[in-house]
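Numbering (mature numbering (1 follows the signal peptide of the UniProt record, and there is no 0)), first residue to last: -20 to -1, 1 to 119.
See below:
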């Protein structure tokens, strides 16, 4: 292969790789698959205690209710607790039951500086469909 062609292919390869990492966080939003789970990404389960008891939790996930049973929340308290678990610049997933709450919470978190927050679309329903491991909630 000619040297100029090799250099051009190398440049194109680097550009394609850079574009993959330059995706907006929103474009990384996805269902929790076993492949994503196996990366070891931190998963924050924002459901309620009653929901955790009913379905269990994704194995190894962090449980932090965002909306209480009445639909109320304390965003400042949630962010303080979240900062003890994740760095605002590290990728992490937010999961709920079906994905409705995560869309709103992830939008809020990104505005609060958590630029790598990932909306785990479809929630634990999708995760179960993808055979992601669950464990019993025991608290």
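Where is the CB? At the ideal position from N, CA and C, for every residue including glycine. None of these values were measured; they are calculated from a predicted model.
Bridge partners of residue 66 according to DSSP: none are assigned.
When secondary structure is reduced to three states using DSSP, residue 37 falls in the strand class. Under the criterion of beta carbons closer than 8 Å, residue 11 and residue 106 qualify as touching, at roughly 4 Å. For residue 12, the secondary structure class from DSSP, reduced to helix, strand or coil, is coil. Non-local C-beta neighbours of residue 98 in its own chain, meaning closer than 8 Å and more than five positions away in sequence, comprise 5, 8, 9, 10, 21, 71, 72, 73, 74, 86, ordered along the chain. One alpha carbon belongs to residue 91, the other to residue 38, and they sit about 26 Å apart. 8 Å or more divides the Cβ of residue 31 from the Cβ of residue 80.
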